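*Asks:* In our numbering, the protein residues as written are 1 to 208.
First the structure, then my questions, so here it is.
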Ligand SMILES: [Zn+2]
């Protein structure tokens, strides 16, 4: 996609997430791959009002291009792009239920959410947990890069979700799916029937 169109698309997706309550205040950030750079929401910006010309541009090595300063969480977006050549966009939210999930004691660090629905089983195949590190810590980016190899979603402990997709629409859809599934988890509590490993396997065999 041409850079101008990509900027417009990124802003459209960020605003849409904000408008529907997935982001609030200045929380969350969205990025997209643009050649050998990324476009990312700027530091201190709101996903609800950010404009295309305000987006920051950063090389994959982390060098800022132009005047706009990237989100201080851009370093972990970069770690994902460097690790995964198939990823074209990354969405990071502080959406309420996924953040609540990230704050639970005794999380299954290999896969933090039980599978309640077929769509979730097919779209988010696993939700590994990245141990708590302060935002902006270089080690956080390294850990995220290390865990991003074989999953399209990560949960940052005591922080929130990160999803990655082939494009912006894909990454945003995963972020929404993850938030809704976390919400279900809290609504259902122990009453929920999760899909069995066999049922999940059958789904994946049938639908890929
Ligand atoms: Zn964050």
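In this text, a Cβ means the ideal position worked out from N, Cα and C, and glycines have one as well.
Please read these numbers as outputs of a predicted model, since none were measured by experiment.
Taking the C-alpha atoms as reference points, what is the distance between residue 180 and residue 69?
*Replies:* Rounded to whole angstroms, residue 180 to residue 69 spans 32 angstroms at the Cα level.
*Asks:* At which residues does the alpha helix (DSSP H) containing residue 99 begin and terminate?
*Replies:* Residues 96 to 102.
*Asks:* Which value, in whole angstroms, describes the spacing of the CA atoms of residue 125 and residue 114?
*Replies:* Rounded to the nearest angstrom, the two C-alpha atoms are 11 angstroms apart.
*Asks:* What does the alpha-carbon distance come out to for the pair residue 161 and residue 143?
*Replies:* So the two alpha carbons sit approximately 14 angstroms from each other.
*Asks:* Looking at residue 158 and ligand 1, is the gap between the Cβ and the nearest heavy atom below 8 angstroms?
*Replies:* No - ligand 1 has no heavy atom lying nearer than 8 angstroms to the Cβ of residue 158.
*Asks:* In angstroms, rounded to a whole number, what distance separates the CA positions of residue 151 and residue 110?
*Replies:* The straight-line gap from Cα to Cα measures roughly 11 angstroms.
*Asks:* Buried or exposed: where does residue 199 fall if 16 or more other Cβ atoms within 10 Å of its Cβ makes it buried?
*Replies:* The residue in question, residue 199, is exposed, as its Cβ has fewer than 16 Cβ neighbours within 10 Å.
*Asks:* Does the Cβ of residue 158 have 16 or more other Cβ atoms within 10 Å, making it buried, or fewer, making it exposed?
*Replies:* When all chains shown are included, residue 158 counts as exposed.
*Asks:* With respect to the alpha helix (DSSP H) encompassing residue 16, which residues constitute its N-terminal and C-terminal limits?
*Replies:* Element bounds for residue 16: 3 to 19.
*Asks:* Counting C-beta neighbours from all protein chains within 10 Å, is the total for residue 28 16 or more, i.e. buried, or is it exposed?
*Replies:* Buried is the call here.
*Asks:* Which residues mark the beginning and the end of the alpha helix (DSSP H) in which residue 78 is found?
*Replies:* Its alpha helix (DSSP H) spans residues 74 to 83.
*Asks:* Going by CA-CA distance only, name the one from 168, 178 and 90 that's closest to residue 122.
*Replies:* Nearest of 168, 178 and 90 to residue 122, Cα basis: 178.
*Asks:* Under 8 angstroms: does the beta carbon of residue 70 sit that close to some heavy atom of ligand 1?
*Replies:* No, ligand 1 has no heavy atom inside 8 angstroms of this Cβ.
*Asks:* Verify whether the separation of the beta carbon atoms of residue 17 and residue 47 is less than 9 angstroms.
*Replies:* Yes, the pair counts as a contact, with Cβ atoms nearer than the cut-off.
*Asks:* Comparing the CB of residue 134 with every heavy atom of ligand 1, is any distance shorter than 8 angstroms?
*Replies:* It does not: the Cβ of residue 134 is nowhere closer than 8 angstroms to a heavy atom of ligand 1.
*Asks:* Comparing C-alpha positions only, which one of 204, 176 and 1 sits nearest to residue 98?
*Replies:* Of 204, 176 and 1, the residue nearest in Cα terms is 176.
*Asks:* Excluding the 5 residues preceding and the 5 following residue 94 in the sequence, name in chain order all residues of the same chain whose CB lies nearer than 8 angstroms to its CB.
*Replies:* Closer than 8 angstroms at the Cβ level, and outside the excluded window around residue 94, lie 23, 24, 27, 28, 159 and 160.
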